[in-house]
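Participant:
Number of protein chains: 2
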Amino acid sequence: MEKSEGIEGENGITEEKQGFKDGSICGYDSLHRLLSANLKPQIFQEVSRLILGLNCGRALETIVLPESAKALSSKHDFELQAFSFSADKELLREPRLVRVGLIQNSIALPTTAPFLDQKKAIFEKLGPIIDAAGASGVNILCLQEAWLMPFAFCTREKRWCEFAEPVNGESTQFLQEFAHKYNMVIISPILERDVNHGETLWNTAIIIGNHGNVVGKHRKNHIPRVGDFNESTYYMEGNTGHPVFETAFGKIAVNICYGRHHPLNWLAFGLNGAEIVFNPSATVGELSEPMWPIEARNAAIANSYFVGSINRVGTEIFPNPFTSGDGKPQHPDFGHFYGSSHFSAPDAACTPSLSRFKDGLLISDMDLNLCRQLKDKWGFRMTARYELYADMLARYLKPDFEPQVISDPLLHKKSS
Amino acid sequence: MEKSEGIEGENGITEEKQGFKDGSICGYDSLHRLLSANLKPQIFQEVSRLILGLNCGRALETIVLPESAKALSSKHDFELQAFSFSADKELLREPRLVRVGLIQNSIALPTTAPFLDQKKAIFEKLGPIIDAAGASGVNILCLQEAWLMPFAFCTREKRWCEFAEPVNGESTQFLQEFAHKYNMVIISPILERDVNHGETLWNTAIIIGNHGNVVGKHRKNHIPRVGDFNESTYYMEGNTGHPVFETAFGKIAVNICYGRHHPLNWLAFGLNGAEIVFNPSATVGELSEPMWPIEARNAAIANSYFVGSINRVGTEIFPNPFTSGDGKPQHPDFGHFYGSSHFSAPDAACTPSLSRFKDGLLISDMDLNLCRQLKDKWGFRMTARYELYADMLARYLKPDFEPQVISDPLLHKKSS
Chain A
1 MEKSEGIEGE
11 NGITEEKQGF
21 KDGSICGYDS
31 LHRLLSANLK
41 PQIFQEVSRL
51 ILGLNCGRAL
61 ETIVLPESAK
71 ALSSKHDFEL
81 QAFSFSADKE
91 LLREPRLVRV
101 GLIQNSIALP
111 TTAPFLDQKK
121 AIFEKLGPII
131 DAAGASGVNI
141 LCLQEAWLMP
151 FAFCTREKRW
161 CEFAEPVNGE
171 STQFLQEFAH
181 KYNMVIISPI
191 LERDVNHGET
201 LWNTAIIIGN
211 HGNVVGKHRK
221 NHIPRVGDFN
231 ESTYYMEGNT
241 GHPVFETAFG
251 KIAVNICYGR
261 HHPLNWLAFG
271 LNGAEIVFNP
281 SATVGELSEP
291 MWPIEARNAA
301 IANSYFVGSI
311 NRVGTEIFPN
321 PFTSGDGKPQ
331 HPDFGHFYGS
341 SHFSAPDAAC
351 TPSLSRFKDG
361 LLISDMDLNL
371 CRQLKDKWGF
381 RMTARYELYA
391 DMLARYLKPD
401 FEPQVISDPL
411 LHKKSS
Chain B
1 MEKSEGIEGE
11 NGITEEKQGF
21 KDGSICGYDS
31 LHRLLSANLK
41 PQIFQEVSRL
51 ILGLNCGRAL
61 ETIVLPESAK
71 ALSSKHDFEL
81 QAFSFSADKE
91 LLREPRLVRV
101 GLIQNSIALP
111 TTAPFLDQKK
121 AIFEKLGPII
131 DAAGASGVNI
141 LCLQEAWLMP
151 FAFCTREKRW
161 CEFAEPVNGE
171 STQFLQEFAH
181 KYNMVIISPI
191 LERDVNHGET
201 LWNTAIIIGN
211 HGNVVGKHRK
221 NHIPRVGDFN
231 ESTYYMEGNT
241 GHPVFETAFG
251 KIAVNICYGR
261 HHPLNWLAFG
271 LNGAEIVFNP
281 SATVGELSEP
291 MWPIEARNAA
301 IANSYFVGSI
311 NRVGTEIFPN
321 PFTSGDGKPQ
331 HPDFGHFYGS
341 SHFSAPDAAC
351 TPSLSRFKDG
361 LLISDMDLNL
371 CRQLKDKWGF
381 RMTARYELYA
391 DMLARYLKPD
401 FEPQVISDPL
411 LHKKSS
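Protein sequence lines, in the order shown, are assigned to chains A and B.
Take 1 as the starting number for the first sequence in the UniProt record's numbering and just add one per residue.
Take 1 as the starting number for the second sequence in the UniProt record's numbering and just add one per residue.
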């Protein structure tokens, strides 16, 4: 784990040291910047072709944003990047251009601060970033998983449940104003308290329409039971299926965090017609960083849709140390949330990632027509043979399932 | 497409020019070497952590191979690389170490040579590479897709069907000798002629056991209909399900070429218990190169097994020019097969790739215990909720399937 060997800042937000640690550099900002700073332009271009999936003809263009957005970024010290994916021009359909935003951030106050102060502070911190999205003309904006609170599930302490809110709670009301003001769809992933079902908790994404109305919700389908991700202590597998939300700006869905490891979860959103799937997450260094871009990009390719991946940033120090089921001594933090939010496109392209350390807003323009263009080109739906797999899964579910194994009849013969 | 702008060699095998082309370098050998040659060691180490998934504690070690294998590599001018993945030591199971090999190669003679000469030449070319695998103690060896012939399906000419052979044909007999001699399982992907079913053709992988016996076969499940990959002109979707072959050295399966784009195909081999899945392929530059490592690594991660990915190398020039359904003029070649064969591990690690231009043998040691270790760690099987997806797919198959869509009731309201 990339543990809290950093420097504690004014707000209690830990920043990793820039430079060398354990013989390896850990202070670089993003893979993309590390490579662009250290490779000659022509070599970097070819590396980008392979790593970012940018083919010669299809460069990823940067977008010029309004000065007001840039000013907010400078004043409130968050990263602001914007790119545009390209698509073919069609003869029978107009382009369906959408501007989409992702926000990643660290917590606003130390976890030891009074909960009410923490809530107020996170609203205050996110306000200017959402304003920058609005000023930039973002149509659909997604926040990170459980954005209202520290990712405290590693502690297994139940007091953090206080941060749970109903779908029409304070955080939703906070965002509804922005949605209405900026004519912007906002996806708000929070810890949900289901009052009508005996105060049950869920890990939920609320979809707020561009008129400020609540369109619906989706509850996290797959719950991790790995390392410090003891989330099953707090909530169970979601019961909302795989809804796709038809908004004013396209058909969207939300694959929350650990669901990204399940190709079937991605598939189901695709079968229901999603054009953009968001993956608000909270995940740390050594556990998942090398998997992070692979799973999102694979999902975008396999399902012919765009993916927006978000991970929080920073190291969160908790009041009471806890163990992690790995035989190591108790410790007060979860490791470093490495940010690196990014977009993936159905043609295998992806944007550079936001910083591994800093709050940020990543914006991308995309023509949703690209989804169908890729479906027509590759034909994955047509060639998928779903009947084989429906049958396979139905058989697999039976307790007496027998795998299809062909054993070498000479398996136990000694070699001559 | 990376078309035939290269230099034609003695055998009619086109080699791309080293150096710059269209403002981008295309002559580099592999991404790994390009990066290692151009980055400082400490930066390269961190880039490797992210790109190759090599965590600080888990370096990928190189294996020292016997001099006899190296001598064959020098004499016959093929690349020889060998690595070892690491796994935890268990207390109740001995390690299950297996040495696995992948061969990538260009065709041996021009496509204009008499077919019999082409067949003889490819046997002669592969012999020393298989000998090198045998001398290196490889336990399981996989050849590339349709290794016996040029990848001529782009021409749509039926005369190439002559290369098809029954399961017990000449190519199988050729490999059975090596399998027996070296106590080595060999996977032989060929164009199969099913004489007992009216001369039907299939794209098939034949599994030859370590005693030289034919253990079984698997037929390609998903057939592309994209660009120059007009394979549906020649053969249909396979009818062998998703068999896993229990060999003397582990449970293996074969996901042939285009099947790698289908996460369900990967999943089905996993549900049947595969520990290593081979992906013998033939694929070209601009079409798929950025997707190449993503799909294989995602499959290894999602299914907790090893993946061995193989792609042929070189540009194959055909006697009669053909069009590609892209409005461009007729041309005599398919583009550049970019090689880049590599292994992926269930813990997100992968080996560097073989060359983009040269024949090669890639060897990797792997402890098959790693598969279960990752299953226990991440719990993807346990948290997969297959019942949701069995139901979803069964519903999706119905012609009157209704996607789960929640429409914003204010969808058509103008913004205020």
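Cβ atoms here follow ideal geometry from the backbone N, Cα and C, with glycine treated the same way.
With contact counted as at least three CB pairs below 8 angstroms, one residue from each stretch, are the stretch 253-264 of chain A and the stretch 313-323 of chain A in contact?
Facilitator: Touching, no, given that fewer than three Cβ pairs across the two stretches are closer than 8 angstroms.
Participant: Go through the stretch 145-183 of chain A residue by residue and report every complete run of the alpha helix (DSSP H) that reaches 4 residues or more, in order.
Facilitator: You should have 170-182.
Participant: Does A:T323 pass the burial test, meaning 16 or more other C-beta atoms within 10 Å, or should it be called exposed?
Facilitator: Its Cβ having fewer than 16 others within 10 Å, A:T323 is exposed.
Participant: So the beta strand (DSSP E) A:V244 belongs to, where does it begin and stop?
Facilitator: Per DSSP, A:V244 belongs to the beta strand (DSSP E) from 244-247.
Participant: Quick one: grab the DSSP three-state call for A:T233.
Facilitator: Three-state DSSP puts A:T233 in a helix.
Participant: Would the beta-carbon of B:D228 fall within 8 angstroms of that of B:F337?
Facilitator: No, the Cβ-Cβ distance between B:D228 and B:F337 is not below 8 angstroms.
Participant: From what residue to what residue does the alpha helix (DSSP H) around residue 432 of chain A run?
Facilitator: Outside the shown range of chain A, which is 1 to 416, sits residue 432 of chain A, and nothing can be said about it.
Participant: Taking the DSSP output, what are the residues bridged to A:D194?
Facilitator: Bridge partners of A:D194: A:T200.
Participant: Could you name each continuous alpha helix (DSSP H) segment of 4 residues or more that falls completely within the stretch 291-363 of chain B, going from the start of the chain to the end?
Facilitator: Runs of the alpha helix (DSSP H) inside the stretch 291-363 of chain B: 292-303.
Participant: Where does A:G289 fall in DSSP's three states?
Facilitator: One point to set straight first is that residue 289 of chain A is Glu, not Gly, in the sequence displayed. DSSP places A:E289 in coil when its eight states are reduced to three.
Participant: Could you pull the start and end residues of the beta strand (DSSP E) that B:C142 belongs to?
Facilitator: 140-142 is the span of the beta strand (DSSP E), which, as asked, contains B:C142.
Participant: Pop quiz: A:V254 and A:M184 are said to be a contact at Cβ under 8 angstroms. What is the actual Cβ separation, rounded to whole angstroms?
Facilitator: Going by Cβ atoms, the distance from A:V254 to A:M184 rounds to 16 angstroms, so no, they are not a contact pair.
Participant: CB-CB under 6 angstroms to A:E79, same chain, minus the five flanking residues each way: which ones, in chain order?
Facilitator: Within the same chain, A:E79 has close Cβ partners L354, S355, K358, G360.
Participant: Is the shortest distance between the beta-carbon of B:F245 and the beta-carbons of chain A less than 8 angstroms?
Facilitator: Answer yes: the Cβ-Cβ gap between B:F245 and chain A drops below 8 angstroms somewhere.
Participant: Does the structure place the stretch 367-379 of chain B close enough to the stretch 64-76 of chain B that three or more beta carbon pairs sit under 8 angstroms?
Facilitator: The answer is no - the stretch 367-379 of chain B does not touch the stretch 64-76 of chain B, with fewer than three Cβ pairs under 8 angstroms.
Participant: For B:L201 versus B:M149, is the C-beta distance shorter than 8 angstroms?
Facilitator: No. Outside cutoff.
Participant: Would you please verify whether the beta carbon of B:H32 is less than 8 angstroms from any beta carbon of chain A?
Facilitator: Not closer than 8 angstroms to any Cβ of chain A, the Cβ of B:H32 fails to qualify, so no.
Participant: By DSSP, does A:K40 sit in helix, in strand, or in coil?
Facilitator: Coil at A:K40, not helix or strand.
Participant: Could you check whether B:K70 and B:G134 sit closer than 8 angstroms to each other, using their CB atoms as the reference points?
Facilitator: Going by C-beta atoms, B:G134 is not nearer than 8 angstroms to B:K70.
Participant: Please list, in chain order, the chain A residues whose beta carbon lies closer than 8 angstroms to that of B:R394.
Facilitator: At residue 394 of chain B the sequence reads Ala, which differs from the Arg that was named. Those within 8 angstroms of B:A394 in chain A are A390, A394.
Participant: On the DSSP bridge assignment, give the partners of B:H218 in chain order.
Facilitator: Paired residue(s): B:A205.
Participant: Starting from the beta carbon of B:G273, find every residue of chain A whose beta carbon is closer than 7 angstroms, and list them in chain order.
Facilitator: Ordered by position in chain A, the residues that pass the 7 angstroms Cβ test against B:G273 are P403, V405.
Participant: Is B:F251 helix, strand or coil when you go by DSSP?
Facilitator: First, the amino acid is wrong: residue 251 of chain B is Lys here, not Phe. Three-state DSSP puts B:K251 in a strand.
Participant: Three-state secondary structure (DSSP) at B:K21?
Facilitator: Summary for B:K21: the model assigns pLDDT 38, below 50, so the residue's position carries little reliability; its value from the coordinates is reported in the next sentence. Strand at B:K21.
Participant: According to DSSP, is A:Q404 part of a helix, a strand, or is it coil?
Facilitator: Looking at A:Q404 - three-state DSSP - the assignment turns out to be coil, as it is neither helix nor strand.
Participant: Out of A:P332, A:W292, A:L109, which one is the CA nearest neighbour of A:C154?
Facilitator: With distances taken between Cα atoms, A:C154 lies closest to A:P332.
Participant: Just how far apart, CA to CA, sit A:R219 and A:S364?
Facilitator: The alpha-carbon atoms of A:R219 and A:S364 are separated by roughly 26 angstroms.
Participant: Since A:Y235 and A:N203 should fall inside the 8 angstroms C-beta cutoff, what is the C-beta to C-beta distance between them, to a whole number of angstroms?
Facilitator: Indeed, because the Cβ distance is near 5 angstroms, the residues count as touching under 8 angstroms.
Participant: Could you check whether the Cβ of B:H197 sits closer than 8 angstroms to any Cβ belonging to chain A?
Facilitator: No, B:H197 lies away from the interface with chain A (no Cβ there is under 8 angstroms from its Cβ).
Participant: Quick one: residues in its chain with C-beta nearer than 6 angstroms to the C-beta of A:Q118, no 5 flanking neighbours on either side, listed in chain order?
Facilitator: Taken in chain order, the residues that qualify are L109.
Participant: Closer than 8 angstroms between beta carbons: that is the criterion. Which residues of the stretch 366-384 of chain B meet it against chain A?
Facilitator: Within the stretch 366-384 of chain B, the residues whose Cβ lies closer than 8 angstroms to some Cβ of chain A are K377, W378, G379, F380, M382, T383, A384, listed in chain order.
Participant: Can you grab the Cα-Cα spacing for the pair A:T233 / B:L388, in whole Å?
Facilitator: In a straight line, the C-alpha of A:T233 is about 22 angstroms away from that of B:L388.
Participant: Excluding the 5 residues flanking B:A121 on each side, which residues of the same chain have their C-beta closer than 7 angstroms to its C-beta?
Facilitator: Result list for B:A121: A108, L109, in chain order.
Participant: Once the 5 residues before and after B:S171 are set aside, which same chain residues still bring their CB inside 7 angstroms of it?
Facilitator: Counting only Cβ-Cβ distances below 7 angstroms, and skipping sequence neighbours, we find L148, E165, S188, I190.
Participant: Output yes if chain A places a C-beta closer than 8 angstroms to the C-beta of B:H242; else output no.
Facilitator: Chain A contact via Cβ: present.
Participant: Just to confirm the assignment: which complete alpha helix (DSSP H) runs, minimum length 4, are found wholly within the stretch 41-101 of chain B?
Facilitator: 41-51, 67-75, all fully within the stretch 41-101 of chain B.
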